[in-house]
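Below is one structure; the comments refer to it alone.
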Amino acid sequence: MPFFILNNCILRYKQYVNFAVHGNTVDYSNIFTFWRNKTFASLITYVMPACILALIPSVMFEIWEGHYAIAIVDVVAFLTAYFISLNYKIDLADRKVAVAILLSVFSLTQMAMGSFSMGVIYFSSLTIFISLQFSTPIAVLSHLFKVFVFFIFTIVFFFDRNILTSYFNLSFPRWIIYSSNFLFLDLMIVIMLKQLLTGLEKTMFKKANLYEQLEKEIEFKVKQNQLLKQSRQQYLTLFSKSPVAVFVVQSATNKILQVNASAIKNYGYSEYEFMNMKLDDLKLNSDFKTEEKVLDVPFKSINVTKSGKEINVEIRCTEIFFDGEKANLVIVTDISESIKHIQAIEQQNNKLKEIAYMQSHIVRVPVANIIGLTNLLIDNFKADEDLQLIHHLKNSVKDLDDIIKNMANQTN
4 MPFFILNNCI LRYKQYVNFA VHGNTVDYSN IFTFWRNKTF ASLITYVMPA CILALIPSVM
64 FEIWEGHYAI AIVDVVAFLT AYFISLNYKI DLADRKVAVA ILLSVFSLTQ MAMGSFSMGV
124 IYFSSLTIFI SLQFSTPIAV LSHLFKVFVF FIFTIVFFFD RNILTSYFNL SFPRWIIYSS
184 NFLFLDLMIV IMLKQLLTGL EKTMFKKANL YEQLEKEIEF KVKQNQLLKQ SRQQYLTLFS
244 KSPVAVFVVQ SATNKILQVN ASAIKNYGYS EYEFMNMKLD DLKLNSDFKT EEKVLDVPFK
304 SINVTKSGKE INVEIRCTEI FFDGEKANLV IVTDISESIK HIQAIEQQNN KLKEIAYMQS
364 HIVRVPVANI IGLTNLLIDN FKADEDLQLI HHLKNSVKDL DDIIKNMANQ TN
């Protein structure tokens with residue numbers, strides 16, 4: 004149970020630190036800035052609690068030796084740094100600057116109070132912190148600040164070497180050696196860390212760009228797959244629901260690979276039977292010998308169904324790829340009824356032509372004879388009343404002749 008409570012407390016502490024550093028949302032747009040913030044969060048999470056273990060004996064020994072001021076400064080500096088780091092109401096960049104200033108002041112205070120070694124240690128920690136959390140110009144300015152501080156100390160010690168001897172137990176030449184070596188090592192730390200971070204930053208940016216490109220490629224492929232699925236679904240719908248017979252056949256062998264419901268209905272074969280047939284079995288052999296000539300060009304043929312019934316069809320063949328291999332999409336339209344209608348119309352036209360022939364050559368002959376006889380009667384009769392009747396007869400026959408002519412012309 005105690006272990007569970009401790010583990011739960013540590014988990015809650017980590018969550019609070021992440022919230023204090025990153026907030027409710029994490030910005031991954033600048034991957035290197037995110038890495039810096041994560042490093043700062045790790046510093047608060049792991050380093051600050053570890054400092055407590057170092058702070059407690061340090062304060063105890065300072066008090067033991069009577070250095071109460073140093074002990075108080077240690078505790079105040081630590082608590083202030085901890086409070087500022089975890090205060091999410093303060094902007095994160097401002098918190099980092101405040102911690103850097105606090106480390107600088109604490110280091111100078113330690114050195115001014117005679118704890119030269121502690122001041123140098125925290126100055127080195129400041130160098131690492133600024134190099135990791137800030138840009139190169141700020142890191143260089145931090146180093147120049149240390150140079151300025153040591154230069155001021157050197158001037159003071161040059162004119163009053165008793166301070167150097169009494170506080171630090173060092174001679175002036177030894178001070179020059181220590182300070183110059185410290186400044187040199189500090190500069191090397193800045194240069195090496197910045198080179199390391201520059202290479203890391205480039206690598207992270209490359210990785211982020213590659214990851215972004217990979218995401219775009221995956222998104223593109225997902226969209227392509229969705230479009231391909233939609234296209235395939237549309238093809239299957241058009242293929243299966245088509246009212247005419249549709250076949251998918253191999254280009255090389257004319258073997259039937261797939262058929263739709265209309266083909267099964269029109270020909271009487273089952274799907275399994277079709278899968279073991281070729282188009283040649285449907286009397287299409289002669290049509291598909293010249294394969295290149297029939298592609299995309301409709302032509303007519305006669306097919307035979309399973310029951311032996313002959314049907315007139317119009318065929319259109321288009322080249323496609325089916326399951327990765329070259330194939331032909333064959334659309335077969337049954338035009339038997341259309342041909343029957345055309346034949347019926349042609350028969351009707353032939354009958355009409357026969358009627359027209361009879362009207363113009365058979366029916367019209369007696370009418371022409373009547374007209375001729377009427378003309379003879381007119382020439383031989385002299386009585387006015389008879390002539391008038393004969394003229395009426397002639398006009399009536401002429402009207403009948405005109406009607407027959409019109410009927411013959413319209414029929415032709």
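Read in order, the letters of the sequence shown are residues 4 to 415 in the working numbering.
Quick reminder that beta carbons are idealized off the backbone N, C-alpha and C, glycines included.
- In the three-state scheme derived from DSSP, where H, G and I count as helix and E and B as strand, lysine 92 is classed as coil.
- Note on threonine 308: under 16 other CB atoms within 10 angstroms of its CB, so exposed under the neighbour-count rule.
- If you look at lysine 329, you'll find it in the beta strand (DSSP E) that goes 328 to 337.
- Under the three-pair Cβ rule at 8 angstroms, the segment 93 to 105 does not count as touching the segment 149 to 168.
- Residue pairing by DSSP puts isoleucine 323 in a beta bridge opposite Ala330.
- Under a 10 Å Cβ-count criterion, cysteine 320 is classified as buried, with 16 or more other Cβ atoms of the shown protein chains found around its own Cβ.
- Using a 10 angstroms sphere on the CB of methionine 278, the tally of other CB atoms stays under 16, which defines it as exposed.
- Here DSSP, grouped into helix, strand and coil, assigns glutamate 68 to coil.
- Considered as a whole, the segment 216 to 253 harbours 248 to 253 as its complete beta strand (DSSP E) runs of no fewer than 3 residues, in chain order.
- Within its own chain, the residues whose Cβ lies closer than 6 angstroms to the Cβ of methionine 280, once the five positions on either side in sequence are excluded, are Ile259, listed in chain order.
- The C-beta distance from isoleucine 47 to valine 20 rounds to 5 angstroms, short enough to fall under 8 angstroms.
- Serine 304 sits in a strand when the DSSP states are folded into three classes.
- Residue Lys286 holds the alpha-carbon nearest to the alpha-carbon of isoleucine 314 among Leu190, Lys286, Ala72.
- The C-alpha of isoleucine 166 lies about 10 angstroms from the C-alpha of phenylalanine 156.
- In this structure, asparagine 228 keeps its C-beta atom at 8 angstroms or more from the C-beta atom of valine 249.
- The alpha-carbon of phenylalanine 81 is positioned some 38 angstroms away from that of lysine 209.
- By DSSP's assignment, glutamine 261 forms a beta bridge with Val251.
- In this structure, serine 134 sits away from leucine 186, with a CB-CB distance that is not shorter than 8 angstroms.
- For asparagine 315, the secondary structure class from DSSP, reduced to helix, strand or coil, is strand.
- Annotation for valine 252: Lys258, Ile259, Leu260, Leu282, Ala330, Asn331, Val333 place their beta carbon closer than 7 angstroms to its own, counting only its chain and skipping 5 residues before and after.
- Its Cα nearest to that of glutamine 136, the residue Arg98 stands out among Met114, Arg98, Leu173, Val152.
- Phenylalanine 325 has its alpha-carbon roughly 18 angstroms from the corresponding atom of tyrosine 275.
- Assignment of lysine 354 by DSSP, reduced to helix, strand and coil, places it in the helix class.
- With fewer than 16 neighbouring CB atoms inside 10 Å of its own CB, tyrosine 71 falls in the exposed class.
- Residues of the same chain with a CB within less than 6 angstroms of the CB of isoleucine 194, apart from the 5 flanking positions on each side, do not exist.
- The beta carbon of methionine 116 lies closer than 6 angstroms to those of Ile73 in the same chain, with the five residues before and after it left out.
- In its own chain, leaving out the 5 sequence neighbours on each side, no residue places its CB closer than 8 angstroms to the CB of lysine 232.
- For leucine 129, the enclosing alpha helix (DSSP H) covers residues 119 to 136.
- Apart from sequence neighbours up to five positions away, the residues of its chain that approach serine 243 with a beta-carbon distance below 8 angstroms are Asn263, Ala264, ordered along the chain.
- No residue range can be given for valine 50, since it is assigned to no alpha helix (DSSP H) and is classified by DSSP as neither H nor E.
- For the set Tyr272, Glu328, Gln18, the Cα lying nearest the Cα of alanine 255 is the one of Glu328.
- Under DSSP, the beta-bridge partners assigned to lysine 281 are Lys258.
- When only Cα atoms are considered, glycine 202 and phenylalanine 151 end up about 30 angstroms apart.
- Under the three-state reduction of DSSP output, tyrosine 270 falls in the helix class.
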